[in-house]
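Those letters in the sequence shown? Residues 175 to 337, by the numbering used here.
Worksheet for the structure shown next.
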Amino acid sequence: MALKIRLARGGAKKRPFYRIVIAEASSPRDGRYVERVGTYNPMVPKEHEQRMTLNSERIKFWLGKGAKPTERVHKMLAVAGLVEPLVIRDQPKKSAPGKKRAEREAEAAEAAAETPTEEGAPAEEAAAETPTEEGAPAEEAAAETPIEEGASAKEETDGKADS
């Protein structure tokens, strides 16, 4: 029997009130539950003591039995100090590039590092040799120097606008 610690909604329309319950994973959101371990009222100000009430002893008991909190409840329990904060990844694992793509990108990066392009070298040298004003960082001076690729792209867009 897989147990979840989750929210069960109550209250009127546009006036939510939630019970924090221990329920079977297969039971409906507002259906049967094993035990109520707290409440959450989002309509109350954050500083108010009745916004969230938790029975921490029972929550620790159920966590010890293997109950898994949902993501929202996990955040609430982390704020209360009952569990470690949830690690949310910036990029989901599903959308991460595969092994073959990563290998191809690594090979392309190595090939680019071994054979520097002739067009990029003068622009980089010119940016490095450009004298900077006093107090202005070198990065700003490098950003102000025109880049050949950017200039050619601008000329192409200007030509399309005229015709």
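Ideal Cβ placement from N, Cα and C applies to all residues, glycine included.
Cβ atoms of residue j and residue i: under 8 Å apart, would you say?
i	j	result
Arg225	Asn215	yes
Glu193	Val247	The sequence shown places Arg at residue 193, rather than the Glu named in the question. It is not a contact, given that the beta carbons lie outside the stated cut-off.
Val195	Val218	no
Arg183	Glu209	no
Leu228	Ala254	yes
Apart from the five residues just before and just after residue i, which ones in its own chain have a Cβ nearer than 7 Å to its Cβ?
i	result
Lys249	Leu260
Going by beta carbon distance, what residues of the same chain come within less than 6 Å of residue i, once the five residues before and after it are set aside?
i	result
Ser337	Bear in mind that the predicted position of Ser337 carries a pLDDT of just 47, short of 50, making it too unreliable to give a figure here.
Ala199	Ala176, Lys178
Report the partner residues of residue i according to the DSSP bridge assignment.
i	result
Ala197	Lys178
Need the endpoints of the alpha helix (DSSP H) that residue i sits in, please.
i	result
Leu251	245-254
Gly240	It is not in any alpha helix (DSSP H) - Gly240 carries neither H nor E in the DSSP assignment.
Please return the same chain residues whose Cβ sits closer than 8 Å to the Cβ of residue i, not counting the five positions on each side in sequence.
i	result
Glu258	Ala252
Ser201	Tyr207
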